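Okay, so here's the structure we're looking at.
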Amino acid sequence: MGAQFDIQYVFEYFVKLLPFIQISLFIVASSIVLGLLFGLLAALPRLYRVPVLQRLSQLYASFFRGTPILIQLFLLYYGLPEVLKLVHIDITRLPVLVFVILVYGLHSGAYVSEGIRAAVSAVDRGQVEAAYAVGMNGFQAFTRIVFPQAIAIAVPILANLVIATLKDTSLAFTLGVMELTGKSQTLATMSRHFIESYIALAAVYFILSIALERLFLLTERRMLKHERDTGKTEKVPLGKKWLKKRTNAAIALSKGGTGA
1353 MGAQFDIQYV FEYFVKLLPF IQISLFIVAS SIVLGLLFGL LAALPRLYRV
1403 PVLQRLSQLY ASFFRGTPIL IQLFLLYYGL PEVLKLVHID ITRLPVLVFV
1453 ILVYGLHSGA YVSEGIRAAV SAVDRGQVEA AYAVGMNGFQ AFTRIVFPQA
1503 IAIAVPILAN LVIATLKDTS LAFTLGVMEL TGKSQTLATM SRHFIESYIA
1553 LAAVYFILSI ALERLFLLTE RRMLKHERDT GKTEKVPLGK KWLKKRTNAA
1603 IALSKGGTGA
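Anchor point for the sequence shown: position 20 equals 1372 in the working numbering, and the numbering is continuous, going up by one each time.
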């Protein structure tokens, strides 16, 4: 049984949890950077329909989207060193944080790959054909026309992924990483004030999520500034225009879970 509830412990634990925010945010930032790299590498074979790599990309995305991240943590942390020992590579001395970031990066990459495919599919094909008509090659059309618009469309998807990854970092303490949840668990165990500790932890995560959500909203508005200007010129309501693009992206993302 825990100790009697005392509201003062909520504020005390809230302050004690603040220094550990940087660890959780470091895990999030590092895993998202890796996720963007893995996601791009996984999305390209499916966008260009490379025969063998396309199937491997599908398998990768299906596995990391279809299994719990806690299982993925255990598999890579306990299983990967044993597999590498077969080829005489010892990684048992690597910090546990390396394994955590790698797992979250691979997990994020599976969702990023689907987001990239959905965002690219939402860009009007006629713009690509116009780029070819003025003499651009495929690479130029993608980097100058498709990619900038796809990034803007994918911002809401990326925002959801970052916030979800932030919450998923609460599982890192199962491997001994002293992040927010790990510190909260330690405080609760020492004082027996479990409810107060979890309330403080929930408050920290909630504030961080709201801050990240607002940051991505400002980023999205800034990236779509040119669309507002175009919308005024063309007399097309911006909300309807971007609602259609987001709907197309969401439809493509929902269909692309395991398909080509």
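Note that beta-carbon positions come from the ideal geometry of N, C-alpha and C, so glycine has one too.
This structure is a prediction, so every number in the text was calculated from the model and none was measured.
Candidates the options: which alpha carbon is nearest residue i's?
i: Met1575; options: Leu1560, Ser1382, Leu1539, Gln1501; result: Gln1501
i: Ala1563; options: Ile1359, Val1362, Gln1356, Leu1377; result: Leu1377
i: Phe1451; options: Val1362, Leu1527, His1545; result: Leu1527
i: Leu1532; options: Gln1479, Phe1372, Gln1356; result: Phe1372
i: Phe1499; options: Tyr1400, Lys1519, Ala1471; result: Ala1471
i: Ile1375; options: Lys1535, Phe1568, Arg1544, Met1488; result: Lys1535
i: Leu1560; options: Tyr1361, Val1362, Leu1370, Ala1355; result: Leu1370
i: Tyr1463; options: Gly1418, Tyr1361, Gln1406, Phe1357; result: Gly1418
i: Ile1453; options: Asp1476, Val1529, Ser1473, Asp1442; result: Val1529
Let me know the secondary structure DSSP gives residue i once reduced to three states.
i: Ala1563; result: helix
i: Val1404; result: helix
i: Thr1444; result: coil
i: Val1525; result: Residue identity differs from the one stated: residue 1525 is Phe in this sequence, not Val. In the structure shown, Phe1525 sits in a helix (DSSP, three-state: H, G or I).
i: His1545; result: coil
i: Val1498; result: helix
By how many angstroms is the C-alpha of residue j removed from the C-alpha of residue i?
i: Leu1510; j: Gly1467; result: 8 Å
i: Ile1359; j: Glu1565; result: 28 Å
i: Arg1398; j: Lys1577; result: 30 Å
i: Val1448; j: Ala1493; result: 42 Å
i: Val1402; j: Ala1413; result: 16 Å
i: Ile1497; j: Tyr1484; result: 11 Å
i: Leu1436; j: Tyr1429; result: 12 Å
i: Ile1379; j: Ala1506; result: 21 Å
i: Ala1540; j: Ala1355; result: 10 Å
Decide yes or no for the touch test of the stretch 1361 to 1381 against the stretch 1544 to 1558: beta carbon pairs closer than 8 Å, at least 3 of them. Touching, yes, given that three or more Cβ pairs across the two stretches are closer than 8 Å.
Does the contact criterion of 3 or more C-beta pairs under 8 Å hold for the stretch 1415 to 1428 versus the stretch 1511 to 1524? Taking a contact to require three or more Cβ pairs closer than 8 Å, the stretch 1415 to 1428 and the stretch 1511 to 1524 qualify as touching.
Would you be able to state if there are at least three C-beta pairs under 8 Å between the stretch 1453 to 1469 and the stretch 1382 to 1389? By the criterion of at least three beta-carbon pairs nearer than 8 Å, the stretch 1382 to 1389 is in contact with the stretch 1453 to 1469.
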